[in-house]
Amino acid sequence: MPDKMNYLFFDEIQMVENFQKVIDSLFLLDTVDIYVTGSNAYLLSGEIATLLTGRYIEIKLFPFSFREFMQTQPAHTSRELAYRQYIELGSFPYIPQISQDREMVREYLSGLYNTIVLKDVVSRKKITDVMMLQSVVRFLADNIGNISIIKRISDTMTSLGRKTTSHTIENYISALTDSYIFYSVQR
């Protein structure tokens with residue numbers, strides 16, 4: 001509608017080839033308000049960040065903090081029980097709604113893993129050694145909260161019979177943090 005504000009919503013548009021040019025051309029229209037969502041750092045990387053410099057607001061949504069998770073729990077839930085669920089099941093916003101059905105939680109988390117790690121990361125980064133990537137994911141998940149040194153991870157993989165290099169491990173960790181499946185905390 002040329003005389004009224006038009007709101008356009010695009011979800012996971014980074015999956016569309018040359019989407020940057022489409023978004024950039026839509027920005028030229030005065031009656032268009034554009035909302036773009038994506039589930040990884042690739043959305044605002046490269047060309048689109050350059051094209052849209054100064055014309056976008058990035059809002060990052062993180063998994064629930066424990067405080068936010070507690071707000072989803074019934075008032076009578078003990079902090080200890082809620083914390084155990086938070087640690088065991090994770091902090092994705094949908095988890096509290098399905099936490100009573102462990103099979104549904106497992107399917108949900110498996111779906112996230114398959115979508116983010118096995119589809120998004122593998123295809124975007126053209127990873128050929130998927131088993132090594134999965135080994136790195138397992139290592140990082142088993143060592144959450146610990147200092148992870150890339151050389152040590154590489155040495156661990158090699159000692160387990162999975163010959164690799166520090167460069168490969170660094171690339172895999174970078175891909176995993178870009179996908180927001182892991183977060184790096186600097187000292």
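Under the UniProt record's numbering, the sequence shown has 77 at position 77, and the numbering climbs by one with no breaks.
Idealized CB from N, CA, C, for every residue including glycine.
Q. When you compare each of LEU112, LEU8, SER25 and ARG138 to LEU160 by their alpha carbons, which one comes out closest?
A. For the purposes of this step, residue 160 is identified with residue 160 of the sequence shown, where counting begins at 1. Among LEU112, LEU8, SER25 and ARG138, the Cα nearest to that of LEU160 belongs to ARG138.
**Q.** Host alpha helix (DSSP H) of THR53 (start-end)
**A.** On the sequence shown, position 53 is the one that residue 53 refers to. Here THR53 belongs to no alpha helix (DSSP H), and DSSP marks it neither H nor E.
Q. Which same chain residues, not among the five before or five after LYS151, have their C-beta less than 6 Å away from its C-beta?
A. Along the sequence shown, read from residue 1 onward, the residue named residue 151 stands at position 151. So the list reads SER166, once near-sequence residues are dropped.
Q | Boundaries (first-last residue) of the beta strand (DSSP E) holding THR156 | A | Counting from 1 along the sequence shown, the entry for residue 156 is found at position 156. Segment 150-159 is the alpha helix (DSSP H) holding THR156; no beta strand (DSSP E) there.
**Q.** Close-in-space but distant-in-sequence residues of the same chain around PHE64 (CB under 7 Å, 5 per side omitted)
**A.** Numbered from 1 along the sequence shown, position 64 holds the residue referred to as residue 64. Contacts found: SER91 and PRO93.
Q) Under three-state DSSP, which class holds LEU26? A) Sequence index remark: in the sequence shown, residue 26 carries index 26 (1-based). Residue state, collapsed to three classes: helix.
(Q) Determine whether the beta carbon atoms of GLU12 and SER39 lie at a separation below 8 Å. (A) The residue you call residue 12 lines up with position 12 of the sequence shown. The residue you call residue 39 lines up with position 39 of the sequence shown. Yes; because the gap between Cβ atoms is below 8 Å, this pair is in contact.
Q: Flag this pair as yes or no: are the beta carbons of PHE176 and VAL121 separated by less than 8 Å?
A: Translated into the one-based positions of the sequence shown, residue 176 becomes position 176. Translated into the one-based positions of the sequence shown, residue 121 becomes position 121. A small correction: the amino acid at residue 176 is Leu; Phe does not occupy that position in the sequence shown. Yes. Within cutoff.
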